[in-house]
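> If you're matching them up, the sequences are chains A and B in order.
Read in order, the letters of the first sequence correspond to residues 129 to 248 in this note's numbering.
Read in order, the letters of the second sequence correspond to residues 1462 to 1688 in this note's numbering.
C-beta atoms are modelled at their ideal positions from N, C-alpha and C, and glycine is treated no differently.
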Amino acid sequence: MSAEAGQQHPLGIYLKIWLLLFFLSALSYMVDYLEFQGYLRWTLIIIFMLLKAGFIVAIFMHVMWERMALVLTILGPPVALLFLIGFMAVEGDYTFGARVEYFGMDPNAEPLPVIHAESH
Amino acid sequence: MSHSAAAASANPREGLPGLVDDWSSDKQTYHVPWGKAMMWIFLVSDTFIFSCFLVGYMTVRMSTAEPWPLPTDVFALSFFGGEPIPLILIAIMTFILITSSGTMALAVNYGYRKDKRMAAILMLVTAAFGASFVGMQAFEWSKLISEGVRPWENPWGAPQFGSVFFMVTGFHGLHVTAGVIYLAIVARKVARGDYDKKGYEIVEITGLYWHFVDLVWVFIFAFFYLW
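1) For my contact list, LEU179 (chain A) and LEU152 (chain A) are in at a C-beta cut-off of 8 Å; report their separation, rounded to the angstrom.
2) Do the stretch 1596-1603 of chain B and the stretch 1558-1577 of chain B make contact, defined as three or more Cβ pairs closer than 8 Å?
3) For a cutoff of 8 Å on Cβ pairs, would you count TRP146 (chain A) as touching chain B?
4) Are the C-beta of HIS1672 (chain B) and some C-beta of chain A separated by less than 8 Å?
5) Got a sec, what are the start and stop residues for the alpha helix (DSSP H) ASN1570 (chain B) sits in?
6) At which residue ranges does the stretch 185-217 of chain A contain complete alpha helix (DSSP H) runs of 4 or more residues, listed in the order of the chain?
7) Any C-beta of chain A sitting closer than 8 Å to the C-beta of LEU1477 (chain B)?
8) Where do the N-terminal and C-terminal ends of the alpha helix (DSSP H) with LYS180 (chain A) fall, by residue?
9) Could you name the residues of the stretch 1481-1515 of chain B whose beta carbon sits closer than 7 Å to any beta carbon of chain A, in the order they occur along the chain?
10) Any C-beta of chain A sitting closer than 8 Å to the C-beta of PRO1547 (chain B)?
11) Contact criterion: CB-CB distance below 8 Å. Does THR223 (chain A) meet it with respect to chain B?
12) CB-CB under 7 Å to VAL1637 (chain B), same chain, minus the five flanking residues each way: which ones, in chain order?
13) May I ask you to list the residues that DSSP assigns as paired with ILE1546 (chain B)?
14) With a cut-off of 8 Å on the beta carbons, I'd call VAL159 (chain A) and LEU1548 (chain B) a contact; round off their distance for me.
15) Quick check on GLU229 (chain A): does DSSP put it in helix, strand or coil?
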């Protein structure tokens, strides 16, 4: 695909990806609706999220058809974010432990029930 | 320009050898329109802004020892006095944004076919979906505010819930609003024929921004609403 011609692709691929995104969104909503919990819930959320994000970036944003120089400029720097996530997860976990250990907070407290107003 | 360089630009190599060629030959690196390269640079930097918000959210949620309110109950909504359906409005908003991404992709396609009427119409449809998304978000905000959610407190649990909610969805909503205005302006210029000579890359560039807004919502939906 030469850059001068622009990103011209058959309509069919957009329609297929569109449908697929609908399907994946429905699946990720079902994760909540069917009340999956724990590791099953988190795994499914992450899988559906990454699939959706991948299709949007690759097809709708045409990254799949770009030259390597541009692809790496786009996808390379965000890799650094994985380090930030890792560091802050360690930090957050430590703070949580300190609050339970030294401030006597209950680590298993449940949130108060949500009661919505009657009128809608 | 030497003979080999001319041959290379006429038929550029792909993949890793192409990467080396693009960076090494002391010439323009990105073989895309200038505006598109700049839009990508902006989107990469915007990625870092949203990532900082989401990582900050992760940190406060992990570190708070107070219970986190359950989004599935907080964002439940009942219609016509029926049983509340969990997270239903957020699901509808997600579908609306996916739909608008689809119409935007079609607009880009019609733009490159030089069908400016269809491209402009599809861009306006995209903008209309975006505006309805912002409308629903305004409804969501006013509902939560009326129930006592503030950036510093809420009736159910960890006070950080409110600050994260207002900051992350607010910043995203601001992007959607800006996108609606951007789409409307470009659609008008497309329909008027401003790009007949320049080419229709501008539709793709606008599309990149719009798809990015949808992309960010995918992450917000997964991490804030579903987690």
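Put simply:
1) Between LEU152 (chain A) and LEU179 (chain A) the Cβ distance is about 6 Å, and since that is below 8 Å, they are a contact.
2) Segments in contact, no.
3) Yes - at least one Cβ of chain B is within 8 Å of the one on TRP146 (chain A).
4) It does; some Cβ of chain A falls within 8 Å.
5) Taken as a continuous stretch (DSSP letters only), the alpha helix (DSSP H) holding ASN1570 (chain B) covers 1549-1573.
6) If one requires a minimum length of 4 residues, the alpha helix (DSSP H) runs lying completely within the stretch 185-217 of chain A are 196-203, in chain order.
7) Any Cβ of chain A closer than 8 Å to the Cβ of LEU1477 (chain B) would place that residue at the interface, and such an atom is present.
8) Here the alpha helix (DSSP H) through LYS180 (chain A) covers 166-183.
9) Listed by position, the residues of the stretch 1481-1515 of chain B near chain A (Cβ gap below 7 Å) are ASP1483, TRP1484, THR1490, TYR1491, HIS1492, VAL1493, TRP1501, VAL1505, THR1508 and SER1512.
10) Among the CB atoms of chain A, one or more fall inside 8 Å of the CB of PRO1547 (chain B).
11) Taking Cβ atoms only, chain B reaches closer than 8 Å to THR223 (chain A), which makes this a yes.
12) Correct list, in chain order: GLY1591, PHE1594, VAL1595 and VAL1674.
13) ILE1546 (chain B) pairs with B:LEU1538.
14) Their Cβ separation, rounded to whole angstroms, is 10 Å, which puts VAL159 (chain A) and LEU1548 (chain B) out of contact at 8 Å.
15) Secondary structure of GLU229 (chain A) (DSSP, three-state): helix.
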